[in-house]
Amino acid sequence: MDLNFPQEEDNNNYLDTDSVCLNGFCFCARHSLELCPKCPTDNRGINNMQVEDYLHEQCSEAEFEAKWKGDDRPPLNVSHRWTKLSNGKPACSEHKQIGCEECFNWGQGKRCFFFV
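The opening residue of the sequence shown carries number 108 in the numbering used here; numbering runs sequentially from there.
Structure (C-alpha cells):
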C-alpha cells in the first residue's frame, strides 16, 4: 500500500445519517426507501441519472420516449436487502459484499425494470 497517496473514497457505496448509497443509487438510511414520505426524501431523480445514459444506448429514442417514466416510475425499496458492516460500509445482506453486482445491479441487465 502506498502511504504517499490518500485512500480513494468510495462514493458509490456509503452510509451517513440520512442516506445509504448502494452501487450509486441512494435511499433514505432509516427506511431504505428511494421515495420516503417519513424522512421526507425523493432520490428517484438522482438515481435516474445513473441509468439514463445506459438506457439511451440500449434502445431507440422512440422506445425510450414511449416507455421511460422518469421520476414518475415506481420507487425502489431496499428494505432488508442491505446491512452495515463493521467498517461502516453498506453491503448486501445476502453476500455481505460492498458494491454487490448481483444484488444491486441498477443498470446492466435491468433494462426491463426501468421500463415498467
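C-beta: ideal position from N, C-alpha, C; glycine also.
A quick note: this is a predicted structure, and the numbers were derived from the prediction, not measured.
Asked                                                                                                  : Found
Inter-residue CB distance, residue 134 and residue 150 (contact presumed, cutoff 8 Å)                  : 6 Å
Beta-carbon proximity check, residue 195 vs residue 142, cutoff 8 Å                                    : no
Residue nearest to residue 178 in terms of C-alpha spacing, selected from 136, 116, 148 and 170        : 148
Contacting residues, own chain, Cβ-Cβ under 7 Å from residue 128 (five flanking each side not counted) : 119, 120 and 121
6 Å CB neighbourhood of residue 206 in its chain, flanking five on each side removed                   : 120 and 130
Every unbroken beta strand (DSSP E) inside the segment 122-168 [3 residues or more]                    : 126-129 and 132-135
Residue 175 to residue 140 span [Cα, whole Å]                                                          : 21 Å
Range covered by the beta strand (DSSP E) that runs through residue 197                                : 197-199
Straight-line Cα distance separating residue 200 from residue 161                                      : 27 Å
Residue 191 - DSSP class collapsed to helix/strand/coil                                                : strand
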